[in-house]
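Structure record follows, encoded as structure tokens.
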Amino acid sequence: MRSLKLSKAFTLIEPGPVVLVTTHDGKQNNIMTISWTMVMDFTPKFAITTGAWNYSFRALKKTRECVIAIPTVDMLDKVLGIGICSGADTDKFTRFGLTAVPGKLVKAPLIKECLANIECRVIDIVRKHDIVVLEAVAAYVDTTRKEMRTVHAVGDGTFIVDGRTLDRRKLMSSKLPAGV
Ligand SMILES: Cc1cc2nc3c(=O)[nH]c(=O)nc-3n(C[C@H](O)[C@H](O)[C@H](O)COP(=O)(O)O)c2cc1C
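Written as structure tokens, this is what we have:
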């Protein structure tokens, strides 16, 4: 995994991929699947929508840290499996054959098999709307893997895979931050 400039980390979430969020509650690693994400600014800050109905929420609240890991389409069935069982009774790294890699700045692990990983700190929890606000502190991309396509949840059990990339960088230049 190569380090990615933090100023570019928002570009990993802006396309809206289904992501995995890892936590470490002081005893064990856990993973959940999240499709409700949002980029809040370029710094970058992100929001995810989740709450006490998930086991991971306790760790998010207690440690105020997590990693957003971005899987690719070949991992889709694992991603769904992770999202329909709970860390309360399952070691998901073992069950889904994933490798936990220590992060630099947070105790939540990176997932080696994912395309990208973003170490995050929890900077706010908006209980009224079950929004967890995250600030990225380090980001990594695996530039060596063949499969780079991420998936996007429609919400009805179907998923859309990345397609063509259209380059409108010139037209957008006044709205793009420097160096992106
Ligand atoms: C495709 C998919 C997307 C999901 N998106 C979210 C989400 O955005 N927010 C959320 O709270 N749960 C979401 N879930 C459900 C959690 O991943 C699920 O409840 C998981 O079992 C929580 O794991 P935990 O109990 O170990 O924390 C999603 C599940 C799937 C399969």
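Sequential numbering from 40 applies to the sequence shown in this note's numbering.
Using N, Cα and C, we set each Cβ at its ideal position, and we do this for glycine too.
inquiry  = Using the Cβ count rule (16 or more neighbours within 10 Å means buried), how would you classify A91?
reply    = Within the sequence shown, numbered from 1, the residue matching residue 91 stands at position 52. Exposed, since its Cβ has fewer than 16 Cβ neighbours within 10 Å.
query = ligand 1 heavy atoms versus the CB of R112: any closer than 7 Å?
reply = Taking the sequence shown and counting its residues from 1, one reaches residue 112 at position 73. Here residue 112 is Val; the residue named in the question, Arg, does not match the sequence. No.
request  = Look at P141 and L59 and say whether their C-beta atoms are less than 8 Å apart.
outcome  = Here residue 141 refers to the residue found at position 102 of the sequence shown. Here residue 59 refers to the residue found at position 20 of the sequence shown. Going by C-beta atoms, P141 is not nearer than 8 Å to L59.
message = Pull the bridge partners of F81 from the DSSP assignment, please.
response = For this step, residue 81 is matched to residue 42 along the sequence shown. Beta-bridge pairing links F81 to no other residue.
ask   = So who's on the other strand from L149, going by DSSP bridges?
value = Translated into positions along the sequence shown, residue 149 becomes position 110. Paired residues: V140.
task = Rounded to whole angstroms, what's the CA-CA distance from A192 to R103? Just pull it up for me.
result = Residue mapping note: residue 192 aligns to position 153 of the sequence shown, counting from 1. Residue mapping note: residue 103 aligns to position 64 of the sequence shown, counting from 1. If I take the Cα positions, the gap works out to 26 Å.
ask   = Cα separation between L99 and T62?
value = As a position in the sequence shown, residue 99 is number 60, starting the count at 1. As a position in the sequence shown, residue 62 is number 23, starting the count at 1. Answer to the nearest angstrom: the Cα atoms are 7 Å apart.
query = Do F81 and S46 come within 8 Å of each other at the CB atom, strictly closer than that value?
reply = One-based indexing of the sequence shown puts residue 46 at position 7. One-based indexing of the sequence shown puts residue 81 at position 42. Contact: yes.
inquiry  = Considering just the uninterrupted stretch of the alpha helix (DSSP H) at A98, what are its terminal residues?
reply    = Residue 98 sits at position 59 when you count from the first residue of the sequence shown. Taken as a continuous stretch (DSSP letters only), the alpha helix (DSSP H) holding A98 covers S95 to T102.
DSSP state of D163 mapped onto helix, strand, coil = On the sequence shown, residue 163 is found 124 positions in, with the first residue counted as 1. Residue state, collapsed to three classes: strand.
query = Can you find a heavy atom of ligand 1 that lies under 7 Å from the Cβ of L45?
reply = Sequence index remark: in the sequence shown, residue 45 carries index 6 (1-based). No, since every heavy atom of ligand 1 falls outside the 7 Å radius drawn around the Cβ of L45.
message = Quick check: E174 and R160, are their CB atoms within less than 8 Å of each other?
response = The count along the sequence shown starts at 1 and reaches residue 174 at position 135. The count along the sequence shown starts at 1 and reaches residue 160 at position 121. Contact flag set, yes.
task = Report the residue from L51, T89, L115 and C105 whose alpha carbon sits nearest the alpha carbon of G65.
result = Translated into the one-based positions of the sequence shown, residue 65 becomes position 26. Answer by Cα proximity: C105.
task = Count the other C-beta atoms from every protein chain shown that fall within 10 angstroms of the C-beta of I199, then say buried if there are 16 or more, exposed otherwise.
result = Locating residue 199 in the sequence shown gives position 160, where the first residue counts as 1. Exposed is the call here.
ask   = Helix, strand or coil: how does DSSP classify M187 here?
value = Here residue 187 refers to the residue found at position 148 of the sequence shown. Note: M187 maps to coil in three-state DSSP.
request  = Taking the CB atoms as reference points, tell me whether T50 and V219 lie closer together than 8 Å.
outcome  = Taking the first residue of the sequence shown as 1, we reach residue 50 at position 11. Taking the first residue of the sequence shown as 1, we reach residue 219 at position 180. Yes, the Cβ-Cβ distance between T50 and V219 is below 8 Å.
query = Which residues in the same chain have their Cβ closer than 7 Å to the Cβ of I226, if we skip the five residues on either side of it in sequence?
reply = The requested residue 226 does not occur in the structure, where the chain is confined to residues 40 to 219.
task = Verify whether the separation of the beta carbon atoms of I121 and F135 is less than 8 Å.
result = Residue 121 sits at position 82 when you count from the first residue of the sequence shown. Residue 135 sits at position 96 when you count from the first residue of the sequence shown. Contact: yes.
key: For M211, the first and last residue of its enclosing alpha helix (DSSP H)   = On the sequence shown, residue 211 is found 172 positions in, with the first residue counted as 1. It spans R208 to M211 - the alpha helix (DSSP H) in which M211 sits, taken as one unbroken run.
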